[in-house]
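Protein chains in written order, with the numbering used here: chain P, -17 to 95; chain R, 67 to 183.
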Amino acid sequence: RKEVEQDPGPFNVPEGATVAFNCTYSNSASQSFFWYRQDCRKEPKLLMSVYSSGNEDGRFTAQLNRASQYISLLIRDSKLSDSATYLCVVNPILTGGGNKLTFGTGTQLKVEL
Amino acid sequence: NAGVTQTPKFQVLKTGQSMTLQCAQDMNHNSMYWYRQDPGMGLRLIYYSASEGTTDKGEVPNGYNVSRLNKREFSLRLESAAPSQTSVYFCASSDGRDRYATNEKLFFGSGTQLSVL
Chain P
-17 RKEVEQDPGP FNVPEGATVA FNCTYSNSAS QSFFWYRQDC RKEPKLLMSV
33 YSSGNEDGRF TAQLNRASQY ISLLIRDSKL SDSATYLCVV NPILTGGGNK
83 LTFGTGTQLK VEL
Chain R
67 NAGVTQTPKF QVLKTGQSMT LQCAQDMNHN SMYWYRQDPG MGLRLIYYSA
117 SEGTTDKGEV PNGYNVSRLN KREFSLRLES AAPSQTSVYF CASSDGRDRY
167 ATNEKLFFGS GTQLSVL
């Protein structure tokens, strides 16, 4: 089993739709979680961290389910500009640094008119 | 704001040739990283430098060497390129001073598309 697994998609949704992605992780001791966004042929950029209590940033909501070992990303009112690949990133330890991060392969989202 | 700058953007090598990928950051970050990204695989860590003067192997270090020239610069060298090293390479940096990785945010360079024939 991969350490971090994502459905590669693509998820094709109409503009204005709500779409959700899940990401499962295998290490139950994982401590921190993130969603990165990567546009085609560009570098990844941090979208949001995922906190135990869940967190929201505008149209984006991230949630963590430790019991089932997955994190989710919900995008409301999708925009054409949301089209990108969304990378799930997990850190298995509490201390240390970015060298411990494990990246998923990404879920591709295409928002259409 | 330059952030993380890596060069070159594109490179084609023949098998056996050598080259160095350059990376520099202007955010006064302690930690720097080199990743490769291949289709169907997540970003994989090649080498990292937690702080100036230190370097450590990541998940896929074979065939690569690195140099942390100073706090700003972290270079990746391919001594004898192989077709298996065809990939997109990303340099990244992070603050590295937070004791807890929870707040570790990576800033990436724009990537280098490398093809080895």
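C-beta: ideal position from N, C-alpha, C; glycine also. For clarity, every value in this text was computed on a predicted model and none was experimentally measured.
Item, Value
"Residue environment, Ala148 (chain R), which counts as buried when at least 16 other CB atoms sit within 10 Å", "exposed"
"Proximal residues to Val72 (chain P) (C-beta, below 6 Å), its chain only, five neighbours per side dropped", "Val(-14), Tyr7, Ser12, Phe15, Thr84"
"8 Å Cβ cutoff met for Gln45 (chain P) and Thr67 (chain P)", "no"
"Short CB-CB distance (under 8 Å) between Lys171 (chain R) and chain P", "yes"
"Inter-residue CB distance, Tyr155 (chain R) and Leu142 (chain R) (contact presumed, cutoff 8 Å)", "7 Å"
"For Pro149 (chain R), three-class secondary structure by DSSP", "helix"
"Gly(-9) (chain P) to Pro74 (chain P) span [Cα, whole Å]", "25 Å"
"Beta-carbon separation (whole angstroms), Gln151 (chain R) vs Leu111 (chain R), contact threshold 8 Å", "Not quite, the Cβ-Cβ distance comes to about 15 Å (not below 8 Å), so this is no contact."
"Proximity test, Cβ basis, 8 Å: Tyr130 (chain R) and chain P", "no"
"Of the listed residues P:Asn81, P:Asp64, P:Ser34, nearest to Tyr54 (chain P) (C-alpha basis)", "Position check: residue 54 (chain P) holds Ser in this sequence, whereas Tyr was assumed. With distances taken between Cα atoms, Ser54 (chain P) lies closest to P:Ser34."
"Three-state class that DSSP yields for Leu62 (chain P) in the structure shown", "helix"
"C-alpha distance - Phe(-7) (chain P) paired with Leu29 (chain P), whole-angstrom precision", "18 Å"
"Residues that DSSP places opposite Gln72 (chain R) in a beta bridge", "R:Cys89"
"Buried versus exposed call for Arg163 (chain R) [16 or more other C-beta atoms within 10 Å across all chains shown]", "exposed"
"Burial state of Gly82 (chain R) (16 or more Cβ within 10 Å)", "exposed"
"Extent of the continuous beta strand (DSSP E) to which Thr89 (chain P) belongs", "89 to 94"
"Below-8 Å beta-carbon distance, Gly40 (chain P) vs any chain R residue", "no"
"Best match in R:Ser115, R:Gln91, R:Lys75, R:Thr73 for proximity to Tyr173 (chain R) [C-alpha to C-alpha]", "According to the sequence displayed, residue 173 (chain R) carries Phe and not Tyr. The option with the nearest alpha carbon to Phe173 (chain R) is R:Gln91."
"Member of R:Ser133, R:Asn128, R:Ser146, R:Gly108 whose CA lies at the smallest distance from the CA of Glu188 (chain R)", "Limits of chain R in this structure are 67 at one end and 183 at the other, which puts residue 188 (chain R) out of reach."
"Contact test: Phe(-7) (chain P) Cβ vs the ligand ZN heavy atom, cutoff 7 Å", "Among the components of this structure there are no ligands whatsoever, and the ligand ZN is therefore not found."
"Chain-ordered neighbours of Val72 (chain P) on chain R, where CB pairs are closer than 8 Å", "None at all; the shortest Cβ gap to chain R is about 10 Å."
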